[in-house]
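> Quick one: structure below, then a few questions.
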Amino acid sequence: MSLADMPPLRDALERHDLLARKSFGQHFLLDLNITRKIARLAGIGPEDVVVEVGPGPGGLTRALLETGARVVAIEMDSRFMPILAELGEAADQRLEVVQGDALKVDASRAVGGVPAHVVANLPYNVGTQLLINWLTGPFLPVSMTLMFQKEVAERIAAQVNDDAYGRLAVIAQTVCEAKIVMDLPARAFTPPPKVNSAVIKLVPRAVIPPAAELAALERVTAAAFGQRRKMLRSSLKALGGGDLCEKAGISPDIRAENVPIEGFLALARATLP
């Protein structure tokens, strides 16, 4: 059986008696028109290698495989292994399934160390931490096209002085260009979540700060946005307060939400020896 001959995803779910598990943050995206659009937005094509987290019954997986790409899917829930195995057979074994917790799986090792994209409808309960891990860890994808709760996607793409601007925006946009490319209503999912979703695409910048600067940036933004209503002289007191701001050339009398990304980078560098 080829991918084109496979039955609708809802039929496969019924045949395998599969339901979403709330404890895993599962909401299935079964509309192939939507998943194919996500694959197009990601720019995936033949010969590309893609990491997908939380494929579930394989709605997005199927669309990615239709592009001719090789997909490495990381799935914790063993119930989906048979249905994903069927999908792999239909795609001439271009699907490899790694059973495990995506927070613990070495994605670089899973793809054999080759450059890879990440395209995923991320589980709601671990999505933000996974993104931070990719942005600041040893595995930086060629691109990331990720579905989040809409509120989280807006936080990633937020600009300075926006209400949603915070630590996540600073770290994400330091490493990548980030843009929301698609909105999805709750009714697009089975079962529908309580919130709407959005797809955001992140592409690494040509120049990325070294690991030590990124680690310092995490510390500075955690302190600054941990007390976001306070002036920097107070919120950054443990890191040097006013002296740190002076060293970085940043006013100590402004709040974190008013500091542009370049300012946070200056503060991060000022904490280093």
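One gets the working numbering by counting positions in the sequence shown from 1 and adding 3 to each. Glycine included, C-beta positions come from ideal geometry on N, C-alpha and C.
Could you tell me which whole beta strand (DSSP E) segments of length 3 or greater appear in the segment 122–199?
147–152 and 179–187
> Can you say whether Leu1 is buried or exposed, counting buried as having 16 or more other CB atoms within 10 angstroms of its CB?
Residue 1 is absent from the model: the chain starts at 4 and stops at 276.
> If you count every other CB in all the chains shown that lies within 10 Å of the CB of Ala271, and 16 or more means buried, which is it?
Answer is buried; the Cβ neighbour count reaches 16.
> In the DSSP assignment, the alpha helix (DSSP H) including Glu17 goes from what residue to what residue?
Leu12 to His19
> According to DSSP, is Met9 helix, strand or coil?
DSSP, reduced to helix, strand and coil, places Met9 outside both helices and strands of the structure shown, so it counts as coil.
> On the three-state DSSP scale, how would you describe Glu50?
coil
> Is DSSP giving Ala241 helix, strand or coil here?
helix
> What does DSSP give as the partner residue(s) for Met234 in the beta ladder?
Arg258
> Where does the unbroken beta strand (DSSP E) through Ile77 begin, and where does it stop?
Arg73 to Glu78
> Determine the burial state of Gln132: buried for a count of at least 16 other Cβ atoms within 10 Å of its Cβ, exposed for fewer.
exposed
> Helix, strand or coil: which one does DSSP assign to Pro85?
helix
> Are Ala235 and Thr274 close, meaning C-beta to C-beta below 8 Å?
It should be pointed out that residue 235 corresponds to Leu in this sequence rather than to Ala. No, they are not a contact pair.
> Taking the straight line between their C-alpha atoms, what separation do you get for Leu32 and Val122?
13 Å
> Which residues share a DSSP beta bridge with Gln102?
Glu78
> Does DSSP put Ile264 in a helix, a strand or coil?
helix
> Would you call Asn124 buried or exposed, if buried means 16 or more other Cβ atoms sit within 10 Å of its Cβ?
buried
> Mind checking who Ile203 pairs with in its DSSP beta bridge?
BP columns for Ile203 point to Leu149 and Ile183.
> DSSP state of Val210, grouped into three classes?
coil
> Under three-state DSSP, which class holds Leu275?
DSSP places Leu275 in coil when its eight states are reduced to three.
> Keeping to the same chain, check which residues put their C-beta closer than 7 Å to that of Glu159; ignore five residues upstream and five downstream.
Here residue 159 is Ile; the residue named in the question, Glu, does not match the sequence. Excluding sequence neighbours, Ile159 sits near Leu171, Ala172, Ala175, Ala181 and Ile203.
> Alpha carbon to alpha carbon, how far is Leu149 from Asp95? Give it in angstroms, no decimals.
26 Å
> Does His30 pass the burial test, meaning 16 or more other C-beta atoms within 10 Å, or should it be called exposed?
By the neighbour-count rule (16 or more Cβ atoms within 10 Å), His30 is buried.
> Would you mind reading off the limits of the alpha helix (DSSP H) that contains Ile37?
Leu35 to Ala45
> Can the beta-carbon of Gly103 be found closer than 8 Å to that of Ile86?
No; because the gap between Cβ atoms is not below 8 Å, this pair is not in contact.
> Compare the C-alpha of Val129 against each of Pro276, Gly57 and Ala218 and name the closest.
Gly57
> Please report the distance separating the alpha-carbon of Pro255 from that of Val178.
25 Å
> Checking 8 Å against the spacing of the C-beta atoms, do Ser238 and Ala227 come in under that value?
yes
> Below 8 Å on the Cβ atoms is my guess for Asp51 versus His120; work out the distance and round it to an integer in Å.
6 Å
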